[in-house]
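First comes the structure, then the notes that go with it.
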Amino acid sequence: MGTAKPVTTTQAVVTLAVRRRRIRWGDALAPYLFISPFILSFITLFIGPAIYSFVLSFFRYKGYGSATFLGLDNYKAIVTYHVFWTELRNTIFYWLAHVFVLMIAAFLLAVLVRSTIISRKNIYKPLIFLPNILATVATALVFQSLFGTEYGVINSLLGTKIPWLQDYGYARWVVVFLLIWHGIGWWFVIYLAGLTTINPEVEEAATVDGASGWQRLRYVTLPLMRNTFIFAFVIDAIGSFRIFNEPNVLVARGGSLANPDMAPLLNLLMSDLRSARFGSSAAVGWILFLLVLVVSYFQFRIMRGTGEEAE
Amino acid sequence: MMSAQTSAIPQKSSQRYRTERQIAVIAANVFLTIYVLLALYPLFIMFLNSFKSDSEILSNPSYLPHVWTLNSYQAIFKYHGGLWRNFVVSAIVSVTSTVVGVFLAAMAAFAFAKYTFKGRDAIFAALLATMMVPGEITIPPLYIIFSKLHWLDTYQALIIPTVTSVFGLFMLRQYMLSVPTALIEAARIDGASHWQLFWNIMVPTSAPAIGALAILHFMGVWNSYLWPLVITTKQEMQPILVVLPNMTDPIIGFLPVWGTIMAGCVLATLPIIIVFIAFQDKFMSGVVVGAVKG
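Sequence lines, in order, name chains A and B. Position one of the first sequence corresponds to residue 1 (my numbering), numbered consecutively onward. Position one of the second sequence corresponds to residue 1001 (my numbering), numbered consecutively onward.
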């Protein structure tokens, strides 16, 4: 307070203290004001409904009238329903059949594009990423016309009449192919970014020590990329358990859902919802959550474990 | 290949080494070019078939059109109850959700990145933990709530559940952490209010991350399928990507009209492709945030 205002010292001290307290109050309150719109909407739109969903999964509720408490009966009914197991098997098939090819292909593409023999990286990078920006619904529709039996592109190029989408034995693999084709660009970009964070000196040191290209990839690059790999496999697994669009748009028409022989787990949630079995529908969601949790946990353990052995 | 990859180190700079490297360069480029052409072939088919008549698609599905026609694009305006309206629905829903969602995430991210307050780390950790919970579990309760509110087939039902994104919050916070705190403290000493710190300092400096999130958020909502399928029953309130899979011949019924479907896919994809080409670096860096640092 260096200003020469005609105020007594005590007055000045008092006003300063008041103002300081006001500033501190504002300072303390500000972060809460900034987060509250997000937090409040998140609570009303996610946390609240999630709790409601959890409670609902123990009840029979048709959307009107009163709800009946069932205990674990919804869950029991689901795990003894054969369609649940068929759809779970399909979901796991879609996941395991695509994940390794997808990850290896995306990683090798990233290694190749990053290597010194490719000079025009900025041309390849967006082109490889491009298929990923298409909506899954649009890609599934394009694949539907590619794999049509009578007038499909693939059959007309091959001169065959393979019932790609009518025969579910083939159609399941078309879904897998679609997942790989659509996902590659995304993981390619992530692996490329991961590779760029590796200090080039580390790799050079390995080369000076006489490591071949393969040895360098195996013993230097792969261990350094471990966290990126864990992230990629876990996120891809979570996405795979929630798969819905690809199989349904590829084989079903007119707003109907795919046949259970093709359908993923989320179809059970949808069909329960459409027949107003809300409790059971919610229970399917929570079973899905449990599966995601278990699968992620084991992936963390296995991948952390193998990494430590290699070190 | 092997010797080519070790090029950073001066080695026996023999003639043989140079030829080997040249072969590797050519082989790698040929391989990548073929890969890119094959990977983009479905996209070419989508574009080309949207310019064929419905009958030509059946006789000539895989090559350039013999006769280029805009019939399929006209059909989008003429038939199927005016498909263009579904594009409008998609646009209104995606734009509103993006503006609100990015704004909410940016404000919260600013506080999480640049303030110390009681409960900060606990709240943030709790938010991150919810990312493990599949959003689909909220579909049954939200459906019940919205139908009791008579909100089925409304914009608010399509928009509201899509606005909050923990991923977006996380992404912006990561970026804002790297903005120097000194910048904010200096402005604070100069007497800027908390709101000014956010709006005049943090938002402009975080523009790249905010832009990247806006693109990803827009794309996510524009491309969503399951929620709009649940919450809409009338075609005029359905986003374009929910209507397209069900397009059948307006006269015969049941037969898919591939020309119209492909034209619809092109129009539904084109805005995103344009944004991608214009902002590809932002686009791809948005994908990477959180993946590498985490």
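Beta carbons are placed, not taken as given, at the ideal position from N, Cα and C, and that holds for glycine. Since the model is a prediction, treat every value here as computed from it, not as a measurement.
May I ask you to list the residues that DSSP assigns as paired with residue i?
{"i": "F59(A)", "result": "F69(A)"}
{"i": "P1256(B)", "result": "T1248(B)"}
Going straight from the alpha carbon of residue i to that of residue j, what length do you get?
{"i": "I1274(B)", "j": "A1212(B)", "result": "14 Å"}
{"i": "I238(A)", "j": "I92(A)", "result": "11 Å"}
{"i": "L1177(B)", "j": "K1114(B)", "result": "7 Å"}
{"i": "S145(A)", "j": "I154(A)", "result": "9 Å"}
{"i": "L1070(B)", "j": "V1088(B)", "result": "21 Å"}
{"i": "M1046(B)", "j": "P1065(B)", "result": "12 Å"}
{"i": "S281(A)", "j": "D261(A)", "result": "19 Å"}
{"i": "L88(A)", "j": "L265(A)", "result": "6 Å"}
{"i": "A1263(B)", "j": "A1109(B)", "result": "40 Å"}
{"i": "F1279(B)", "j": "F1170(B)", "result": "21 Å"}
{"i": "A1318(B)", "j": "G1168(B)", "result": "Here chain B comprises residues numbered 1001 to 1294, so residue 1318(B) is not present and cannot be evaluated."}
{"i": "G152(A)", "j": "I1057(B)", "result": "9 Å"}
{"i": "A1075(B)", "j": "N1060(B)", "result": "20 Å"}
{"i": "Q299(A)", "j": "F241(A)", "result": "14 Å"}
{"i": "L1183(B)", "j": "F1103(B)", "result": "21 Å"}
{"i": "I1145(B)", "j": "Y64(A)", "result": "11 Å"}
{"i": "K161(A)", "j": "I1034(B)", "result": "26 Å"}
{"i": "E1136(B)", "j": "N267(A)", "result": "11 Å"}
{"i": "H82(A)", "j": "Q1238(B)", "result": "33 Å"}
{"i": "Q1196(B)", "j": "Y32(A)", "result": "16 Å"}
{"i": "V220(A)", "j": "Q1015(B)", "result": "29 Å"}
{"i": "D209(A)", "j": "V292(A)", "result": "43 Å"}
{"i": "P1180(B)", "j": "F1198(B)", "result": "14 Å"}
{"i": "F147(A)", "j": "K62(A)", "result": "40 Å"}
{"i": "Y124(A)", "j": "E1020(B)", "result": "23 Å"}
{"i": "W181(A)", "j": "G1259(B)", "result": "23 Å"}
{"i": "M225(A)", "j": "M1107(B)", "result": "33 Å"}
{"i": "V249(A)", "j": "L1158(B)", "result": "20 Å"}
{"i": "Y1041(B)", "j": "N1049(B)", "result": "12 Å"}
{"i": "K1052(B)", "j": "L158(A)", "result": "21 Å"}
{"i": "I78(A)", "j": "G279(A)", "result": "11 Å"}
{"i": "N74(A)", "j": "A50(A)", "result": "17 Å"}
{"i": "L1037(B)", "j": "F1044(B)", "result": "9 Å"}
{"i": "L96(A)", "j": "H1194(B)", "result": "50 Å"}
{"i": "R218(A)", "j": "A211(A)", "result": "10 Å"}
{"i": "F143(A)", "j": "Y52(A)", "result": "38 Å"}
Take residue i and list the residues in its own chain whose beta-carbon comes closer than 6 Å to its own, dropping the five residues that flank it on each side.
{"i": "F1218(B)", "result": "S1094, T1098"}
{"i": "G185(A)", "result": "I128, F129, P131, N132"}
{"i": "M303(A)", "result": "I230"}
{"i": "T228(A)", "result": "G194"}
{"i": "W1151(B)", "result": "A1157"}
{"i": "S1072(B)", "result": "S1050, G1259, T1260, A1263"}
Within the same chain, show all residues whose beta-carbon is closer than 7 Å to that of residue i, passing over the 5 residues directly before and after it, in chain order.
{"i": "A110(A)", "result": "F188, Y191, L192, L195"}
{"i": "V1288(B)", "result": "none"}
{"i": "F1112(B)", "result": "R1120, F1124, R1173"}
{"i": "P1300(B)", "result": "Missing from the structure shown is residue 1300(B); chain B here goes from 1001 to 1294 and no further."}
{"i": "M270(A)", "result": "L257"}
{"i": "T1006(B)", "result": "Its pLDDT being 47, under 50, T1006(B) is placed unreliably in this model, and the coordinates cannot settle the point."}
{"i": "V1100(B)", "result": "V1163"}
Hey, is residue i's beta-carbon within less than 7 Å of any beta-carbon in chain D?
{"i": "W1258(B)", "result": "Included in the structure are the protein chains A and B, with no chain D among them."}
Between which residues of its own chain and residue i is the CB-CB distance below 8 Å, once the five residues before and five after are set aside?
{"i": "R315(A)", "result": "Past the edges of chain A, shown from 1 to 311, lies residue 315(A), and the structure says nothing about it."}
{"i": "G1081(B)", "result": "Q1235, E1236"}
{"i": "V1230(B)", "result": "I1139, Y1143"}
{"i": "L112(A)", "result": "I118"}
Would you check whether the ligand MG has a heavy atom nearer than 6 Å to the C-beta of residue i?
{"i": "A110(A)", "result": "As for the ligand MG, it is missing from this structure, which has no ligand bound."}
Next on the checklist: Give me the subset of the stretch 1202 to 1228 of chain B whose CB atoms are less than 8 Å from a CB atom of chain A, sorted by chain position.
Outcome noted: M1219, W1222, N1223, Y1225, L1226
Checklist entry - Taking Cβ-Cβ distances below 9 Å as the criterion, which residues of the stretch 1042 to 1061 of chain B are in contact with chain A? => result For the stretch 1042 to 1061 of chain B, the residues whose beta carbon sits under 9 Å from a beta carbon of chain A are, in order, P1042, L1043, I1045, M1046, N1049, I1057, L1058, S1059, N1060, P1061.
Next on the checklist: Under 8 Å: do the stretch 1199 to 1210 of chain B and the stretch 1232 to 1252 of chain B share three or more Cβ pairs, one atom per stretch?
Outcome noted: no
Checklist entry - Does the stretch 229 to 248 of chain A touch the stretch 131 to 142 of chain A, meaning 3 or more C-beta pairs lie closer than 8 Å? => result Three or more beta-carbon pairs separated by less than 8 Å link the stretch 131 to 142 of chain A to the stretch 229 to 248 of chain A, which places the two stretches in contact.
Next on the checklist: Output needed in chain order: residues of the stretch 233 to 248 of chain A with a Cβ under 9 Å from some Cβ in chain B.
Outcome noted: I235, I238, F241, R242, F244, N245, N248
Checklist entry - Between the stretch 1134 to 1159 of chain B and chain A, which residues of the former have a C-beta closer than 9 Å to a C-beta of the latter? => result P1134, G1135, E1136, I1137, T1138, I1139, P1140, P1141, L1142, Y1143, I1144, I1145, S1147, K1148
Item to check | Contact set between the stretch 1016 to 1031 of chain B and chain A, restricted to residues whose Cβ is under 8 Å from the partner | outcome: R1021, A1024, V1025, A1028, N1029, F1031
Next on the checklist: Assess contact between the stretch 156 to 174 of chain A and the stretch 270 to 281 of chain A, defined as three or more Cβ pairs (one per stretch) separated by less than 8 Å. Is contact present?
Outcome noted: No, because fewer than three Cβ pairs between the stretch 156 to 174 of chain A and the stretch 270 to 281 of chain A fall closer than 8 Å, the two stretches do not touch.
Item to check | Contact list for the stretch 147 to 158 of chain A against chain B, Cβ threshold 7 Å | outcome: Y151, G152, V153, S156, L157
Item to check | chain B contacts made by the stretch 53 to 64 of chain A, where a contact means CB separation under 7 Å | outcome: S53, L56, G63
Next on the checklist: What are the residues in the stretch 84 to 108 of chain A lying within 9 Å of chain B by C-beta distance?
Outcome noted: So nothing in the stretch comes that close.
Checklist entry - Of all the residues that make up the stretch 1163 to 1175 of chain B, which are near chain A by a beta-carbon distance shorter than 8 Å? => result V1163, T1164, V1166, L1169
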